[in-house]
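In our numbering, the protein residues as written are 95 to 546. Ideal Cβ positions, reconstructed from N, Cα and C, are used throughout, including at glycine. Worksheet for the structure shown next.
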Amino acid sequence: MAMSADAQKTFYLEVFGCQMNVHDSEKVIGTLLAQGYRQVSTVEEAGLILYNTCSIRDKAEQKVFHRLADYKKLQAQGKRFGVLGCVAQQEGEKIFERAPHVSLVCGSASYRNLPQMLIQIEAGKQRVTGLDDRETDECFETEFTARTNPHRGYITIIEGCDKFCAYCVVPYTRGKERSRTSESVLAEARQMTDLGYTEIQLLGQNVNSYKDPEGNPGSSKSSKKTFAELLAAVGEVPGIRRVRFTTSHPRDFGRDIVDAIDAVPTLCDHVHLPVQTGSTRVLDAMQRLYTRDQYLERIAWMKAAKREISITTDVIVGFPGETEADFAETLGLLEEVGYDAVFAFKYSPRPNTPSLSMEDAIPDEEKARRLEVLMAKQREIQSASYKRYIGTHCEVMVEGRNEARAQWIGRTTHNKTLNFTVPEGANPKAGSYVPVIVTGSFPNSLLGELVV
Ligand code: 5AD
Ligand code: SF4
């Protein structure tokens, strides 16, 4: 059945995975809109169906194949399917074998070429790929980013990763590290404040290894910025109220970042510093390039800061060879640091990675047990530590309203959710900053009342 030209120019996009993927999707959507496509909210309405995929763990990877299987029959209606992102890059043309109704497979390092690829698809080409750009020096810079939140937005500062941790697919799926110029990052920040944005989140797989490339011809060499300088400069853009950044790698996390947080009030009091394990022996096997002590030194810098910095982390349990004693070291580290949030995962063997072939795999039940133990411990830590906010005033950015609970939803500089009630008649607007007094706490959020 042939479709009308109009219906063919509609697309549906679903995104899986990290914030980087979410933001890439905003750029991809902007690029499609600029090519004359219209975004629709259901697969049924769409001519082109795109999945921006994640392959960080096996479960994430399976999601796209389930989706493709669910909608296979729609190919008969002339719909086209595309797989973008990390699974696309990792599996490449194999996706065409496994799901023959797919006509586009494109990794994130090739998004710059999407306009040409779309033209090929429109011309009826069956197998269009963008898979050969992982060695590129170029970033996906576009003036067409379609940001979904009008107050808080992402800016990519560095793409790719050169770290090659033993368990991680990212260096293979996102290619080598390449940074944007600080000039172009700052220009984007200024454009955003002109549009009314007040919060910016700088993004990269490893923001701390940011290296400012040579700027435009004519710009002085001295305008090249380190990551900490770029962070401070974004914080000083007029109109900016909050700046966050993610993700940091402990090896490249310098004290100058803590100094910048001390010096520039708009830089949020929150650092996400993934540790992965508390055992130096396992860190070594993971090729993380730091020891437990070196990690704790960075924590000590943050604890000595003028403002209280909220610290969060990622942990992997059950890496090959992780003993009960190694695991106990991780539990001890949680106590010692007192994280405000821990994102914990069972180790998942990934294609191409060095740890895939390591011996002494931990059985899944044991990984599950360790994950449970770790999360229970962290829940205890947070239950106790979130209480310290009760009675304090916090400024929150209003994110919206939970009608069912008759509460407003806010976010603190520490990146905590603070749900609050307001007196009769008050109606704080989304995107505004309001003072709230904390009246209660849960392991993952705070409760409060608007101060009027
Ligand atoms: N298995 C489990 N967790 C992983 N992560 C990365 N790779 C793997 C893997 N193979 C986790 C790390 C990382 C977070 C984004 O995902 O903790 O920091
Ligand atoms: Fe998933 Fe990593 Fe790719 Fe992000 S970079 S989408 S977390 S595999």
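Between VAL436 and GLN472, the gap from beta carbon to beta carbon is short of 9 Å.
Sequence-distant partners of GLU216 (beyond 5 residues in either direction) whose C-beta falls short of 6 Å from its own C-beta are missing from its chain. Here GLY519 is exposed. Its C-beta has fewer than 16 other C-beta atoms within 10 Å. Counting only heavy atoms of the ligand 5AD, the residues whose C-beta sits closer than 6 Å to one of them are, along the chain, ILE150, ARG151, TYR261, CYS262, PRO368, GLN370, ASP408, ILE410, PHE439, TYR441, SER442, ARG444. Secondary structure note for LEU367: it is in no alpha helix (DSSP H), with a DSSP letter that is neither H nor E. Bounds of any alpha helix (DSSP H) do not take in TYR106; it lies within the beta strand (DSSP E) bounded by 104-109. In the three-state reduction of the DSSP assignment, SER404 falls in the strand class. Contact holds between the region 422-441 and the region 384-398, because three or more Cβ pairs, one in each stretch, are under 8 Å apart. SER202 sits close to ARG268, with the two beta carbons spaced by under 9 Å. PRO529 has GLU489 as its beta-bridge partners, per DSSP.
Secondary structure at GLY333: coil, using DSSP grouped into helix, strand and coil. Between PHE234 and TYR205 a beta carbon distance of about 5 Å is seen, short of the 8 Å cut, so the two are scored as contacting. Spanning the alpha carbons of ILE503 and GLU120 requires a straight line of approximately 24 Å. Comparing C-alpha distances from PRO332 to each of ARG345, SER317, THR360 shows the shortest one belongs to THR360.
At a cut-off of 8 Å, the beta-carbon of CYS200 does not count as near the ligand SF4: no heavy atom of the ligand is closer than that. Here ASN446 is exposed. Its C-beta has fewer than 16 other C-beta atoms within 10 Å. In this structure the region 253-264 does not touch the region 185-194; the number of beta carbon pairs closer than 8 Å is below three.
With a cutoff of 9 Å on beta-carbon distance, LEU144 and PHE105 are scored as near each other. VAL358 carries a coil assignment under DSSP once its states are collapsed to helix, strand and coil. Taking 9 Å as the cut-off, the Cβ atoms of THR340 and GLN113 count as close.
Residue pairing from DSSP places TYR145 in a beta bridge opposite GLU108, VAL177.
If you look at THR267, you'll find it in the alpha helix (DSSP H) that goes 264-268. One Cα belongs to GLU138, the other to LYS400, and the distance between them is close to 54 Å. Judged by DSSP secondary structure, LYS440 falls within the beta strand (DSSP E) whose first and last residues are 435-440. Within the same chain, and ignoring the five residues on either side of LEU142 in sequence, the residues whose Cβ sits closer than 6 Å to its Cβ are PHE105, ARG174. Within the region 274-314, the runs of alpha helix (DSSP H) that reach at least 4 residues and sit entirely inside it are, in chain order, 276-288. Contact between the region 485-502 and the region 445-459 is not established, with fewer than three Cβ pairs separated by less than 8 Å. Take ALA462, set aside five residues on each side of it, and the residues of its chain with a beta-carbon closer than 8 Å to its own are LYS440, in chain order. CA-CA distance, GLU402 to HIS508, rounds to 9 Å. As the crow flies, the alpha-carbon of ASP353 is around 46 Å from that of PHE159. Exclusion of the five residues before and after VAL545 leaves PRO529, ILE531 as the residues of its chain whose Cβ lies within less than 6 Å of its Cβ. Counting along the chain, the unbroken alpha helix (DSSP H) around TYR389 starts and ends at 386-397.
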